[in-house]
Amino acid sequence: MLSVSSIVLLTVRLASSRYESPFSLSLAACLAVLGLGCQGSIGDAEQRGTGAGSGGSGGGGGTTVASNLASASVARRLSRSEIDNTVRDLLGDATNPAGKFLQEDEYTPFDNDYSRQMASAALIDSLEATADDVAARVLAPANRSRIVPCTPSGPGDAACFRQVIETVGQRLFRRPLSEQEITAYLTLQSYATENNPAVSHDFYTAVALMLRSMLQDPEFLYRIEIGTPTKDPAVLHLNGYEIATRLSFLVVGSSPDDKLLDLAKADALSDANQRRTEAIRLLADPRARDQLHRFHAMWLGYRAIPQTANLIAAFNLETTKLIDRVIFDAPASYLTLFSSPDSYLNDLLADQYGLPHPAGGEGWVPYGTSGRAGILSHGSVLAAFSKFSDTSPTQRGIFVQTRLLCNTVLPPPANVNVDQPPPATASVCKLDRYAAHRASATCGACHNNLDPIGYGLENYDIGGRYRTHDDGHPECVLPGQGELPGYGTFSGPAELGQKLIDSGKLEQCFVQHLLRYAVGRALRPEETGEVETLMGSFKASDHSLTELLLSFVASDRFALRQEDPVQ
Amino acid sequence: MKHRLSRRTVLRGLGGVAVGLPVLECMLNSHGEALAQATPLPKRYAIVFAGQALGGDDWADNASMVLGTRSTTPGSFIVPPETGPGYTVTLPLKPLSDKNLMGDFSLVSGLRIPFSASSVDPTAIPPAGAFRDFHGGGAGPLLCGTRSQSSNFTCRSATSDQIVAGFNKGGTLASLVVRAQPAWYLSGSSFAGRQYISYKGDASPIEAQVSPSIVYHSLFDGFTPSDMGAVAQHDFDLRARKSLLSLITDKRNRVLGMVGANDKIRLQRHFDEIRDLEIRIAAMPPTVGGQCQHPMDPGADPAVGGDNAGSGSDKIATNTGYSDEAARARLLADLIHMAFVCDMTRVATLQITVFQSHMNVFPITDPLGVPVHADLHECGHNGDAQTRGQIPVSTCLQWHISHYAYLLDKLKNTPEGAGNLLDNSAIIFMPEAGHGTQLNDAVSLNATHSVEKMVLLVAGRAGGLKPGGHIATAQAHPGQVLISAMQAVGYTQDTFGEVTGKLPALFG
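Residue numbers (our numbering), protein chains in the order written: chain G, 38 to 604; chain L, 12 to 519.
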């Protein structure tokens, strides 16, 4: 039985955990204490919502229990990446200005976590710099016709300016502008027409000012969702523009295009079939591939890895080709991402992995009996979660437990220094040093769920290369024998991938992460049912990711929201 | 006879809007010292922060291994054996010596944040003490003098710079909060609070600006051009900028009226920040003259993260873990200097590297002759198998101190009153950690995860500070050094968080 002080310690420590499951940590805290162990299953989550989703109080007190019919949402600020995609798609600026001027978003593990978003003077200054930069480029004479469809008769051509305000404003604000708003922007025309020979200004000066203003406007920067009450006053039905915005940012990571805005205007997106049709159209867009590439890089932790530029380019090619094939080019069960018997290599990668060269310099190469299968064999994934320039069995174990099985891993006790490598012992061999993690029952309680996973991958270094012993120490043999606790022993990424698939939890954990990305925050207890519903669709479609996305978009839930009480 | 002009007269005449006004000669009394009518010269306060400890894990002070060769070289550890003035210049302090600044700062050593060695329970933490988990546990007590309660990187009360900003008002900016390290550099995690050293209060961090280019423009674009031909354009741009921003702030009530309670708070904060920008823009620009000049545009920022294949870290990218922080720190120091000179602000914090920094130190140590293949955090934890212990850690510390020395040198070479700007400042150099008992296990010695044997440097002569010596304290709390520095620039109280009392030795 854990002593009182250590329970206090565990719950206090959780706030700082890097090792989050998609569900909120308070829930994990309960599970950890109840389970008296280092892993808890989110499937056991204590339900807070009522069955019928009436939103009634759970008994006592005045707090309204959240409905499980709709997800809580707030005004979510566009991530850096979403701003860049938007200015590229709507304005033609493909230079990634937000990436240059804005600080990186916090990754938890995704870059769109709205609970981490906080306005600040630094943000406002950076947004102003971004807006100025974009406007200068977009209004340059060679580019300006893209957003100015009319030829102005002079600096004071109000009709032409109005046209620009209406078309650009509708796209940037993702809704039509009111007459009052248009009039307000028209006042900027005075900067085009003022009598000021010392200053170079013309019609486009006013357009640039309009654009700078719009790009700094909260109605551009935040996806504001309001909705109108349904039968249940806590559950709100989104309007067409709000649905269009959700759909577009989910599938292609960018603002709705004109076709979506037209459908929104006609209120066609309240119809599930229309949403589905549009989602199919967007999934065929190359941007959908980029979006899924990014999602995987963040989910599986290989967003930025310590390798040379050449290797990174090669890993990028390999991994994106597999994702594309499984989801788009030769659609198969999503789970084949973790089991595919071949990989897209170039000569550099073939040498790195010790595999035959592809014909013609690049192409699909079978893994054969190499012990590799699926994305867990890729250099991208193998390079992530390294430590001290080598693999860390513990970190890889945490990766599998938290990102692939959605088990919560508690942080180490506060008074343990994890920043040191396992202590030097009589042996220089890594596996011998790692034995220190099993030395005590306290350490072992967590480490026995983590390290054995990593041991099974130790033959694959952080460059994805196969090795039989510690680097520089041939006497330190790496047997590469591991265990996925609860599921048996394995050796190498092919066997690990298969165990994960067979567990039935990999697919659920993927769905949880996808939903987390969609809602922009950790999941709440009332969303457990939604995860189950999505799992049902996923299985029914033989794990088709596109079908999963389509049923999510077509679900009633996609057009609903409720207020988020959490601050 | 010089015309006597009081600062208040000038300021009042401008409608009460905050103005940056450099010290004009006509405001000095005949001794060139305090201003006429007893209005004192402005006092400046700054903190330069280094996200590293003072030694290598399990390596005694002065014990090192460089490229496989072990040695014990006295003078590698920052703290010299002698106290008082004229002490041996140690390895990390060399940049200060090179710039003849040894007489301009005090080295305060032996500082300690208390903690309970017997219990990890949060209730056992002594006042102003550390939760038994480094790095987060040590952050709050160092920055704000209030005990930490968890591993989180946070402060539970205001940091010293913000306290000073509260009473030491001058210019358009309450404080200038900047950071050299722009990215986290590890794919599986992110900053999570390590990027803050300035807090307005409990859990209220101030986001630093990391782009030197944006700092430059936000500080100096308001300057009236000296070239008459450019004045009309400048005026036009300013009016236009105000107009386009007011279109946004004009819609505040409508937007806030549409949304629910949670969104009101989120969006209100954003509108408030835009309004704050409007106020800054509306302020009269400083008068260029004397030492206050419109600096050269630094141009585009150095690229983030080294060779990025994609945009920032949105696609798989090379994580070389370095964004030319050397150039960034230098540019930011230049900007802080000129912001002080022009009295646009009197308070600044420069976080060179974040807590637990994973900045690649090979690019900074190789040029200094001690190539370390690790990141800053790993360097202290023996990350490079061949080069470990004191010399590599002190080399990184020396690199950080070189930026501090650069700033001090600029301040010292800026005449002001009878002396120079440094005479009217208190500028602190603050490393994240010391080199003593490990905070985590409360047992291991010579640990980097330590809030013992900490060091602070205090430069300047504001308010009676008497720099130049090594002051070895008997485990005084670092907060006492900060109280002293705050008092030097006008703080009238004796407490800081849960810490009480200055260090009289800093005042001679």
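Backbone N, C-alpha and C fix where the C-beta goes; we use that ideal spot for every residue, glycine too.
Please read all numbers here as calculations on a predicted model, not as lab measurements.
Starting from residue i and walking both ways along the beta strand (DSSP E), at which residues does that stretch end?
{"i": "residue 401/G", "result": "399 to 403"}
{"i": "residue 16/G", "result": "Outside the displayed range of chain G (38 to 604) lies residue 16/G, so it cannot be described from this structure."}
{"i": "residue 291/G", "result": "Segment: none, residue 291/G is in no beta strand (DSSP E) and carries neither H nor E."}
{"i": "residue 480/L", "result": "480 to 483"}
{"i": "residue 467/G", "result": "That residue, residue 467/G, is in no beta strand (DSSP E); its alpha helix (DSSP H) goes 467 to 471."}
{"i": "residue 259/L", "result": "No beta strand (DSSP E) contains residue 259/L, which is instead part of the alpha helix (DSSP H) from 239 to 260."}
{"i": "residue 465/L", "result": "465 to 470"}
{"i": "residue 383/G", "result": "379 to 383"}
{"i": "residue 8/L", "result": "An answer regarding residue 8/L cannot be provided, because it is not within the stretch 12 to 519 covered by chain L."}
{"i": "residue 390/L", "result": "That residue, residue 390/L, is in no beta strand (DSSP E); its alpha helix (DSSP H) goes 387 to 391."}
{"i": "residue 223/L", "result": "Segment 223 to 231 is the alpha helix (DSSP H) holding residue 223/L; no beta strand (DSSP E) there."}
Please check the pair residue i and residue j, which I expect to be a contact at CB under 8 Å, by giving their CB distance rounded to whole angstroms.
{"i": "residue 369/L", "j": "residue 59/L", "result": "About 20 Å; that fails the 8 Å criterion."}
{"i": "residue 481/L", "j": "residue 91/L", "result": "6 Å"}
{"i": "residue 341/G", "j": "residue 386/G", "result": "19 Å between Cβ atoms; not a contact."}
{"i": "residue 408/G", "j": "residue 528/G", "result": "7 Å"}
{"i": "residue 184/L", "j": "residue 425/L", "result": "Contact doesn't hold; Cβ gap of about 19 Å is too wide."}
{"i": "residue 121/G", "j": "residue 134/G", "result": "7 Å"}
{"i": "residue 123/L", "j": "residue 465/L", "result": "7 Å"}
{"i": "residue 439/L", "j": "residue 468/L", "result": "7 Å"}
In angstroms with no decimal places, state the Cα-to-Cα distance between residue i and residue j.
{"i": "residue 494/G", "j": "residue 519/G", "result": "7 Å"}
{"i": "residue 83/L", "j": "residue 73/L", "result": "5 Å"}
{"i": "residue 136/G", "j": "residue 163/L", "result": "28 Å"}
{"i": "residue 146/G", "j": "residue 444/G", "result": "15 Å"}
{"i": "residue 43/G", "j": "residue 144/L", "result": "The predicted model places residue 43/G with a pLDDT of 34, which falls under 50 and marks its position as unreliable; any figure quoted below should be read in that light. The straight-line gap from Cα to Cα measures roughly 14 Å."}
{"i": "residue 68/L", "j": "residue 457/G", "result": "8 Å"}
{"i": "residue 255/G", "j": "residue 259/L", "result": "8 Å"}
{"i": "residue 189/L", "j": "residue 218/G", "result": "36 Å"}
{"i": "residue 86/G", "j": "residue 563/G", "result": "Any answer about residue 86/G is weak, because its pLDDT of 26 lies below 50 and its placement is not dependable; what the coordinates show is given next. Those two C-alpha atoms are separated by around 5 Å."}
{"i": "residue 483/L", "j": "residue 99/L", "result": "14 Å"}
{"i": "residue 4/G", "j": "residue 332/G", "result": "Only positions 38 to 604 of chain G appear in the structure, and residue 4/G is not among them; the question remains open."}
{"i": "residue 71/L", "j": "residue 406/L", "result": "16 Å"}
{"i": "residue 226/G", "j": "residue 125/G", "result": "26 Å"}
{"i": "residue 199/L", "j": "residue 142/G", "result": "13 Å"}
{"i": "residue 112/L", "j": "residue 436/L", "result": "14 Å"}
{"i": "residue 315/L", "j": "residue 192/L", "result": "9 Å"}
Run through DSSP, which three-state label would residue i get?
{"i": "residue 341/G", "result": "strand"}
{"i": "residue 295/L", "result": "coil"}
{"i": "residue 541/G", "result": "coil"}
{"i": "residue 453/G", "result": "coil"}
{"i": "residue 495/G", "result": "coil"}
{"i": "residue 604/G", "result": "coil"}
{"i": "residue 299/G", "result": "helix"}
{"i": "residue 74/G", "result": "Residue confidence for residue 74/G is low, a pLDDT of 33 falling below 50, so the modelled location carries little weight; the figure read from the coordinates is stated next. Residue 74/G: coil per DSSP, three-state reduction."}
{"i": "residue 347/G", "result": "helix"}
{"i": "residue 336/L", "result": "helix"}
{"i": "residue 184/G", "result": "coil"}
{"i": "residue 503/G", "result": "strand"}
{"i": "residue 227/G", "result": "helix"}
{"i": "residue 121/G", "result": "helix"}
Does any CB atom of chain A fall closer than 8 Å to the CB of residue i?
{"i": "residue 218/L", "result": "Within the model displayed, chain A is absent; protein chains G and L are what it includes."}
Which first and last residues belong to the alpha helix (DSSP H) in which residue i is found?
{"i": "residue 480/G", "result": "478 to 484"}
{"i": "residue 306/G", "result": "First-last for residue 306/G: undefined, no H or E at that position."}
{"i": "residue 152/G", "result": "Looking at the DSSP string, residue 152/G is not in any alpha helix (DSSP H), and its letter there is neither H nor E."}
{"i": "residue 407/L", "result": "401 to 423"}
{"i": "residue 203/G", "result": "195 to 210"}
Is any heavy atom of the ligand ATP found at a distance shorter than 7 Å from the C-beta of residue i?
{"i": "residue 193/G", "result": "The ligand ATP is not part of the structure shown, which contains no ligands of any sort."}
* To do: Take every Cβ of the stretch 274 to 284 of chain L, pair it with every Cβ of the stretch 276 to 295 of chain G, and state whether three or more of those distances are shorter than 8 Å.
  => no
* Stretch pair the stretch 224 to 240 of chain G + the stretch 191 to 199 of chain G: three plus CB contacts closer than 8 Å -> yes
* Per the contact definition of three or more C-beta pairs closer than 8 Å, is the stretch 267 to 277 of chain G in contact with the stretch 195 to 209 of chain G? -> no
* Asked: How do the stretch 214 to 231 of chain L and the stretch 332 to 343 of chain L stand: do at least 3 beta-carbon pairs fall below 8 Å, yes or no?
  -> yes
* Asked: Are the stretch 286 to 302 of chain G and the stretch 560 to 576 of chain G touching, with three or more C-beta to C-beta distances below 8 Å?
  -> no
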